[in-house]
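Numbering (our numbering), first residue to last: 4 to 301. Every residue gets a Cβ at the ideal spot worked out from N, C-alpha and C, and that includes glycine. Every value quoted in this text rests on a predicted model; they were computed, and no experiment measured them. See structure below.
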């Protein structure tokens with residue numbers, strides 16, 4: 004039997020404790036040596052997409068109500084739910100061809116039937132990433148197209164975003180993945196000064212080809228099969244962003260003011276100054292409407 008996710012997580016913390024001087028040194032290197040020496044990182048561009056097709060995954064746990072309130076520690080309570088997520092895509096009448104799928108774990112707990120949408124039953128082991136990985140397996144051999152990975156924890160606020168988000172993503176071919184919330188720290192860590200920017204996984208835009216690269220480099224879909232939430236954040240959410248950065252792509256986040264924020268592996272602009280000009284930590288702590296999708300103001 005393999006080591007459990009829980010014990011693996013605590014072994015990682017033990018390793019961090021032992022290697023903490025090295026980890027703090029790496030942070031110092033990022034903020035000083037890279038900046039002062041203006042080190043450049045080679046940027047990648049995504050493979051082209053021929054058609055305006057979008058494969059959409061909405062992951063849900065069968066025990067949630069269609070409309071619910073969500074409270075996260077240190078973050079303002081907000082309303083969300085699968086009903087609101089489905090509205091975004093079923094009411095869409097733009098220029099992209101949307102193909103939504105709902106992945107459901109523990110579907111026997113569902114209180115109502117989901118109409119006019121493909122439904123895939125998945126394991127709850129891996130939570131959101133069980134849905135994302137199973138959905139990826141179902142589309143990985145398709146011709147390259149846009150992909151939206153989301154769960155039902157997106158804020159209920161409704162805006163028309165699909166055309167403007169995908170147009171922006173299409174025009175900026177160095178972006179490997181785009182989201183609506185970003186965190187500059189791994190809170191599931193003993194290294195309090197760690198600086199590891201990553202997109203938060205409740206809403207992500209990418210392509211099949213980029214996901215194929217991620218899986219090829221990682222060996223499997225990040226986070227797959229992990230049943231310990233703290234380890235899942237590190238090995239799913241954080242790792243997914245890190246792999247895309249290591250592949251040479253940029254990450255992008257549409258901030259609450261609607262402005263896009265882009266960063267790459269260097270986290271620095273050409274003039275050597277830090278490009279991280281937004282609040283450190285979880286951006287939702289300061290958000291008026293956490294987990295919300297906002298209209299793009301490019």
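With a 10 Å radius around the Cβ and a threshold of 16 neighbouring Cβ atoms, residue 50 comes out exposed. Positions of the beta strand (DSSP E) runs, each at least 3 residues long and wholly inside the region 196-249, are given as 206-210 in order along the chain.
Counting other Cβ atoms within 10 Å of its Cβ, residue 186 reaches 16 or more and is therefore classed as buried. C-alpha of residue 169 to C-alpha of residue 57: approximately 9 Å in a straight line. In the DSSP assignment, the residues bridged to residue 108 are 64 and 125.
DSSP places residue 20 in the uninterrupted alpha helix (DSSP H) bounded by 8-21. Secondary structure at residue 164: coil, using DSSP grouped into helix, strand and coil.
The criterion of a C-beta distance shorter than 8 Å is satisfied by residue 204 and residue 240. Per DSSP, residue 253 is not a residue of any alpha helix (DSSP H); the beta strand (DSSP E) it occupies stretches across 253-257. Shown here for residue 92: same chain residues with a beta carbon closer than 7 Å to its own, the five before and five after excluded, namely 59, 101 and 103 in chain order. Taking C-alpha positions only, residue 146 is separated from residue 211 by approximately 8 Å. Scanning 150, 46, 73 and 88 for the CA closest to the CA of residue 52 turns up 150. Distance between residue 262 and residue 238, taken at the CA atoms: about 28 Å. Here the alpha carbons of residue 191 and residue 122 stand approximately 32 Å from one another. In the three-state reduction of the DSSP assignment, residue 139 falls in the helix class, which pools H, G and I. Taking a 10 Å sphere around the C-beta of residue 285, we find 16 or more other C-beta atoms and assign the residue as buried.
Annotated as distal: residue 85 and residue 118, with beta-carbon spacing of 8 Å or more.
Exclusion of the five residues before and after residue 197 leaves 26, 30, 188 and 189 as the residues of its chain whose Cβ lies within less than 8 Å of its Cβ.
Residue environment analysis places residue 54 among the exposed positions, since fewer than 16 neighbouring C-beta atoms fall within 10 angstroms of its C-beta. Shown here, residue 299 sits in coil according to DSSP, grouped into three states, outside any helix or strand. Closest by C-alpha distance to residue 248, out of 268, 287, 231 and 234, is 268. Around the beta carbon of residue 24, fewer than 16 other beta carbons sit within 10 angstroms, so the residue counts as exposed.
Your pair residue 166 and residue 8 does not check out as a contact, with CB atoms roughly 39 Å apart and the cut at 8 Å. In the three-state reduction of the DSSP assignment, residue 173 falls in the helix class. At the C-beta level, residue 156 and residue 127 stay beyond 8 Å of one another. Here DSSP, grouped into helix, strand and coil, assigns residue 182 to strand. Runs of alpha helix (DSSP H) with 4 or more residues, each lying fully within the region 72-108, are found at 85-93, listed in chain order.
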